[in-house]
Amino acid sequence: MYKHKQIEAKWLSYWETIKLHSKYNSNKPKFYILDMFPYPSGTGLHVGHILGYTGTDICSRFYKMNGYNVLHPMGWDAFGLPAENYAIKTKTHPAITTQKAIQNFKRQINNLGFSYDWNCEVDTSSSQYYKWTQWLFLLFFKNGLAYQKMASVNWCLSCQTVLAREQVIDGKCERCDSNVVQKELKQWFLKITKYAERLLADLDKLDWPDKIKEMQINWIGKSIGDLIKFKISCSELVNNAQKDLPLDISVFTTRADTLFGATYLVIAPEHPILGYYKNSITNFDEVQKYIQSIRYKNELERTGLAQEKTGVELKGLKVVHPITKTELSIWVADYVLMSYGTGAIMAVPAHDQRDFEFAKKFNLPIKIVICPNYPNPICPILDAAYTGSGHLVDSGDFIGLDSKSGQAEISKHLLQIGAGVRSVQYKLRDWLISRQRYWGCPIPLTFCSNCEVQIKNSEIDLKTLSVGEIENPGWVPVLDSNLPVTLPEDVDFLPTGESPLARSKSFHNVSCPRCKSTVNVRAESDTMDTFVDSSWYFLRYIDPLNTQEFAAQDKIKQWLPVDLYVGGAEHAVMHLLYSRFFIKALKDLQIVDFDEPFIKLVNQGLVLGENNQKMSKSKGNTVNPDDIIEAYGADSIRLYEMFMGPFADSKPWSTKNIIGVRRFLDRVWKIYETLDKIKPREMLSSIPLDKNITRDDKQLDILTQKTIIKVTNDIKEFKFNTCVSSLMVLVNALEKQPLLKHYESLILLLSPFAPYITEEIWSQLHPEKYKQLDYSILQEEWPSANLDIISDDKVTIIVQINGKLRDTVEININTPQSDVEKIVFNRPKVLKFLGDQKPKKIILAPNKAINLVV
RNA sequence: GGGCUAGUGGUGGAAUUGGCAUACACGCAAGACUUAAAAUCUUGUGCCUCACGGCUUGUGGGUUCGAGUCCCACCUGGCCCACCA
Numbered sequence: 110m111y112k113h114k115q116i117e118a119k120w121l122s123y124w125e126t127i128k129l130h131s132k133y134n135s136n137k138p139k140f141y142i143l144d145m146f147p148y149p150s151g152t153g154l155h156v157g158h159i160l161g162y163t164g165t166d167i168c169s170r171f172y173k174m175n176g177y178n179v180l181h182p183m184g185w186d187a188f189g190l191p192a193e194n195y196a197i198k199t200k201t202h203p204a205i206t207t208q209k210a211i212q213n214f215k216r217q218i219n220n221l222g223f224s225y226d227w228n229c230e231v232d233t234s235s236s237q238y239y240k241w242t243q244w245l246f247l248l249f250f251k252n253g254l255a256y257q258k259m260a261s262v263n264w265c266l267s268c269q270t271v272l273a274r275e276q277v278i279d280g281k282c283e284r285c286d287s288n289v290v291q292k293e294l295k296q297w298f299l300k301i302t303k304y305a306e307r308l309l310a311d312l313d314k315l316d317w318p319d320k321i322k323e324m325q326i327n328w329i330g331k332s333i334g335d336l337i338k339f340k341i342s343c344s345e346l347v348n349n350a351q352k353d354l355p356l357d358i359s360v361f362t363t364r365a366d367t368l369f370g371a372t373y374l375v376i377a378p379e380h381p382i383l384g385y386y387k388n389s390i391t392n393f394d395e396v397q398k399y400i401q402s403i404r405y406k407n408e409l410e411r412t413g414l415a416q417e418k419t420g421v422e423l424k425g426l427k428v429v430h431p432i433t434k435t436e437l438s439i440w441v442a443d444y445v446l447m448s449y450g451t452g453a454i455m456a457v458p459a460h461d462q463r464d465f466e467f468a469k470k471f472n473l474p475i476k477i478v479i480c481p482n483y484p485n486p487i488c489p490i491l492d493a494a495y496t497g498s499g500h501l502v503d504s505g506d507f508i509g510l511d512s513k514s515g516q517a518e519i520s521k522h523l524l525q526i527g528a529g530v531r532s533v534q535y536k537l538r539d540w541l542i543s544r545q546r547y548w549g550c551p552i553p554l555t556f557c558s559n560c561e562v563q564i565k566n567s568e569i570d571l572k573t574l575s576v577g578e579i580e581n582p583g584w585v586p587v588l589d590s591n592l593p594v595t596l597p598e599d600v601d602f603l604p605t606g607e608s609p610l611a612r613s614k615s616f617h618n619v620s621c622p623r624c625k626s627t628v629n630v631r632a633e634s635d636t637m638d639t640f641v642d643s644s645w646y647f648l649r650y651i652d653p654l655n656t657q658e659f660a661a662q663d664k665i666k667q668w669l670p671v672d673l674y675v676g677g678a679e680h681a682v683m684h685l686l687y688s689r690f691f692i693k694a695l696k697d698l699q700i701v702d703f704d705e706p707f708i709k710l711v712n713q714g715l716v717l718g719e720n721n722q723k724m725s726k727s728k729g730n731t732v733n734p735d736d737i738i739e740a741y742g743a744d745s746i747r748l749y750e751m752f753m754g755p756f757a758d759s760k761p762w763s764t765k766n767i768i769g770v771r772r773f774l775d776r777v778w779k780i781y782e783t784l785d786k787i788k789p790r791e792m793l794s795s796i797p798l799d800k801n802i803t804r805d806d807k808q809l810d811i812l813t814q815k816t817i818i819k820v821t822n823d824i825k826e827f828k829f830n831t832c833v834s835s836l837m838v839l840v841n842a843l844e845k846q847p848l849l850k851h852y853e854s855l856i857l858l859l860s861p862f863a864p865y866i867t868e869e870i871w872s873q874l875h876p877e878k879y880k881q882l883d884y885s886i887l888q889e890e891w892p893s894a895n896l897d898i899i900s901d902d903k904v905t906i907i908v909q910i911n912g913k914l915r916d917t918v919e920i921n922i923n924t925p926q927s928d929v930e931k932i933v934f935n936r937p938k939v940l941k942f943l944g945d946q947k948p949k950k951i952i953l954a955p956n957k958a959i960n961l962v963v
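When you line the first sequence up against this note's numbering, it's residues 110 to 963, in that order.
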C-alpha cells in the first residue's frame, strides 16, 4: 500500500519550489494547450472540470516529454452574475467572494497535480486585465465595430438586466430561469454580423468536432433567396404623394417559385410601416391593442410551435402583387419576427405550414402553385401545406417549370422589372454586450452633450473623429492613458433595473475627454457581457504583466494560435463564435496575423451523477473532489476520470469503481517494493523474482513495446480510457515478471496520468538525478518503441467454415493461399466440421482469415 | 417539426475501422491467508444445454465469403436548433 497523502504532500511542495516550466527554446516546436477557463464559483471545482483538466495535463506532460515548448496556462473568468447575486445575498463585495473562490480553486487544482504555469495566470476581474478589455472595446468602437442602437432586447425580470439572445433558453433566463420579456432600450452592440460569411466559410479550416461546426452553421443560419418589393396602395399615398412615406414593403423569401401563391402579406408587430401609415390604417386602435397584448409575451409564448396563430388585418392598406398586380391584404402577426429578414413576409398558405394555419384561422385565400405530381394537373385538396418541391402550376408565364428553375426564372424576371433582387440573409444578429449590472467590465465611454451638438451641427472636423464617434454622436472614448475605467468600490449593487454604476457619484465625476467640458457629461454606466472578457483571454496568458500592450507582438507570433483547446460543448455558439469574431476583427486591424484562434478543439463529455442524471445540488448527486482526493489520492481521481469511458462521451460517476484504479496504483507500488528488495540493482534487468514463474522475456518485451505504441497513439487521439487499460495489462504482466527495464517504461508512460506516484518511484529509482537543479520526471524523454522486437514473422489467422469460427492457426507471414489451404486441410477441427463436404469456394484474407464455403 | 449522436454482460466500457465480440475494470461466486473480519492473492463469471453443441451487440430487412462495424426502415434514450420566411 502506498501512502498517497505523504507522497502527494511531498511532491506538491517540491513542484512549487522548482521551475517546472522551462524557458521558450526556439529550436523546439511550440504547443499551446488551452482549457476553457472556469468561472470561480463558491462551490469549488466540479468533477467535470477535473475531466477536462486531466486531459490537457496529460497532453501537456506528454508533449513536454516529446520535446515541445508547451504553454499550459490557467486563469479565471471572474466577472459575472452569480458572484453578484451571491454578493447581494450575503452582503459581501463580489471582489472578496471572487478572490476567495479563486484561492479555493487554485488550491484544488494544485492538489490534483496539474502542471499549470501560474506565471501566466489571468483574472478577468482585475483592473490590469480589464484595462485591455476596455482598450479592445475602444479599438472596436473607433473602427466602427461597436455601436449603440435602440432595440427590442431581452430583459430578465429577475436579474434586471438585458441578456444576449444566446442567454435566453426557451424564453427563460439562462442564469435564473425566470421569464424574459422584450424591452425597448438603447444598447451597445458589437458588429459580429459583418463577419457572418467568414465565420461560416472558415469553419472548413478547423479541426473541430463536426457537431460544433454544425451548431455554428445553424446559428449563423445562412439562406439565399430574394428580396421582393410589394408596392403599397392606399388613399393617403394617392392624395399626399409629397409625403415622405415608404412606397413599398420588402419581403425576403427562399421560395420565389411560390410567388404566385402569395395571397396576403404579414408584417411583424414592430414593423416601421405601422408608424408611417398610422393615419391610413382605419382600424389603428385595434392594431395597437393587438400589439400591446403580445408585448409581454416571452419568445417561447410568442413563437412556440404549440401556440395558436394570432393577428389582425391592417384595414385601409393594401399591397400590389409585383407580377399579377392583384391587391393583397396586409396583416400584423407575432409569428413574423422583426429580427429576421425584413420583418415582413409574403404569405403562401398552400406551401408554408405557418401561413397555412394563419390562412385557415382567418379564412384567407389558399392558392396552390406547386404540384408534386405534374403534369397531372389535379392537385390534391390540402389539409396541410405542401412544402416540398414540384412543378409550377397557376403561375402565369412560369407554368410547368420545376421548383428550382421556377425560382431562378422568377428571380430573374423580378430583377428585370425592378421588383426584386437576390439576397443572402443570416440568422446571426449583432452581439448585444451592455449589461445593467455591477460585477463586470465598465464600458469606457463618456457621453458629452456639448460634443453631440457640435458633431450634429458639423462644427467639428469629421476627419479628427473616429468612425465610432461619427456614428454615435456624443460618445467619446476615454483616453488610453486614462484606462482602465475602474469599477467604483463604493456602490450599492442591489439591482433596480438601473445600472448600479449610475448610482455612484464618484463614477460620474468626469469631464469630456474631447472638449474637457464638465457640464452635461456622464460616464457610460453599463458594464460589458462577460463573454467579452473571455473572447480574448488566451491572448493575455502569453504576456499577462505587460502594461504597454495587451500582449507583445513577438510573443503573439511565438505562441498563437492555440494548438489544442479543450472544453464543454455548451460553448459552441457563444464563446467559441465570439472568440473567432474577435480574432478576425483583430486580423483585419492588423494586430494579429492569423484569423482563427483555436486550430483543434476537443469537447469533453459531461460527468453525470451516479443516477445517470446531470449533477446538481438539488438532486443531491454531486461529488466533492476534495473527499475523493482525501480517501483515494489525486492520482486515483485523475486516473479514474480518464478510465471512466471515452473522453467526449457523457458518462456516470461511480465512487465504487474508483477502487479499481486505486488497486492498480497499489500494484504499481508493490512491484517497485519487490524490485527494491533485489540488489544489486544492476542485476535487476534479468533476474526473475520467483523461480516458480516461467520466464518469457521476449513476450514481456513485445508487450512493453506494444504498450508504448498504444499509449503514445491513444494520447494523441484523446483515447485515455484505453491508455489506462493497456497500462493495466502491462502491470498484470509485470507482477508476474518484474523486470526493471520494462518497469521503467511503465513509470514513464504512466507519469502524465499519475504524476505523484510516478515522481516518487522515479526519484527512488534515480536518486542521483534529483540532485540536479529543478529536476523532475517531466524532463525525461518519452519512451519510444523498438519496432524490431515486435516485428514478427509469424501470424495467427482464423479459420472459418461458412463464416463460423472453427479454428485458429499460426502460419508464416504472407504464406501463399495454396500453402495455407494445405495447412488448414490437415487440421483435425477443420476436418471434423467439414465431414465429407468439399468447399465450393475458399476466400483468403491475407494474414487475417480464411473462410471455407461449403 | 429539423439536425446530430448513441443503443454491446448484473454495471462502466473494449474491439487495430469489414476478419477470434465481451479487452480492462467494478460487482458477484468459490478458494487461500486469518481465531475472525478487513485488506491482499488464486480461480471462475454473456445466455441456453448434464454434455456434444447452439444462440448472442435495441428491432426488422439488405449488401458481403464474412457485419457490433456498411446500407434501408423502425423503436428507445441523450444533446442542439426551432413560426428563420
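All C-beta atoms in this analysis are idealised placements derived from N, C-alpha and C, irrespective of residue type, glycine included. Treat the numbers as computed from the prediction; the structure is a model and nothing was measured.
Asked	Found
4-residue-minimum alpha helix (DSSP H) runs that sit fully inside the stretch 874-908, ordered along the chain	896-899
According to DSSP, residues forming a beta bridge with Leu-554	Pro-586
Environment of Val-628 [buried if 16+ CB atoms lie within 10 Å]	exposed
Closest Cα partner of Ser-575 within the set Arg-623, Asn-566 and Gly-529	Arg-623
Integer Cβ distance of Leu-940 from Pro-948, believed to fall under 8 Å	Not a contact, Cβ separation roughly 12 Å.
Residue range of the beta strand (DSSP E) that includes Phe-361	357-362
Element boundaries [beta strand (DSSP E), containing Glu-422]	421-429
Helix, strand or coil at Cys-265 according to DSSP, with G and I counted as helix	strand
Sequence-distant residues of the same chain with beta carbon closer than 8 Å to Asp-570, five excluded per side	none
For Trp-540, the three-state DSSP class (helix, strand or coil)	strand
Exposed unless 16 or more other CB atoms sit within 10 angstroms - verdict on Ile-898	exposed
Cβ-based burial, Leu-896 [other Cβ within 10 Å; buried from 16]	exposed
Trp-120 (DSSP reduced to helix, strand or coil)	helix
Beta carbon of Met-324 nearer than 8 Å to that of Ala-757	no
Inter-residue spacing [alpha-carbon to alpha-carbon] between Glu-791 and Leu-848	The pLDDT assigned to Glu-791 is 42, lower than 50, so where the model puts this residue is not dependable; a value taken from the coordinates is nonetheless given after this. When rounded, the distance between both Cα atoms is 11 Å.
Segment contact, 8 Å Cβ cut-off, at least three pairs: the stretch 289-300 with the stretch 254-262	yes
Straight-line Cα distance separating Leu-686 from Val-641	11 Å
Buried versus exposed call for Gly-452 [16 or more other C-beta atoms within 10 Å across all chains shown]	buried
Bounding residues of the beta strand (DSSP E) (the contiguous stretch that carries Met-324)	From DSSP, Met-324 is part of no beta strand (DSSP E) but of the alpha helix (DSSP H) over 319-329.
C-beta atoms of Asp-638 and Arg-544 nearer than 8 Å	yes
When Gln-699, Ile-692 and Asp-697 are compared against Ile-708, the one with the closest alpha-carbon	Ile-692
Burial state of Lys-114, where buried means 16 or more other Cβ atoms lie within 10 Å	exposed
Under 8 Å between C-beta atoms of Gly-370 and Lys-476	yes
Residues that DSSP places opposite Gly-529 in a beta bridge	Ile-337
Local conformation of Lys-788 per DSSP, three classes	For Lys-788, the pLDDT reaches just 48, beneath the cut-off of 50, and the residue's location in the model is therefore unreliable, although a value from the coordinates is still provided. Looking at Lys-788 - three-state DSSP - the assignment turns out to be coil, as it is neither helix nor strand.
Glu-293 (DSSP reduced to helix, strand or coil)	strand
Straight-line Cα distance separating His-851 from Val-770	20 Å
Nearest to Tyr-781 (by Cα), restricted to the options Ile-866, Gly-754 and Ser-759	Ile-866
When His-500, Glu-739, Met-837 and Ser-644 are compared against Leu-221, the one with the closest alpha-carbon	Glu-739
Unbroken beta strand (DSSP E) run spanning Ala-954, endpoints	950-954
Buried or exposed by the 16-neighbour rule on C-beta atoms within 10 Å, applied to Pro-551	buried
Residue span of the alpha helix (DSSP H) that contains Tyr-304, given as start and end	Run containing Tyr-304: none; DSSP gives neither H nor E here.
Glu-436 in three-state terms, based on DSSP	strand
Neighbour-count burial assignment, Leu-588, 16 or more Cβ in a 10 Å radius	exposed
Among Asp-823, Ser-893, Pro-876 and Val-271, nearest to Asp-810 - alpha-carbon criterion	Ser-893
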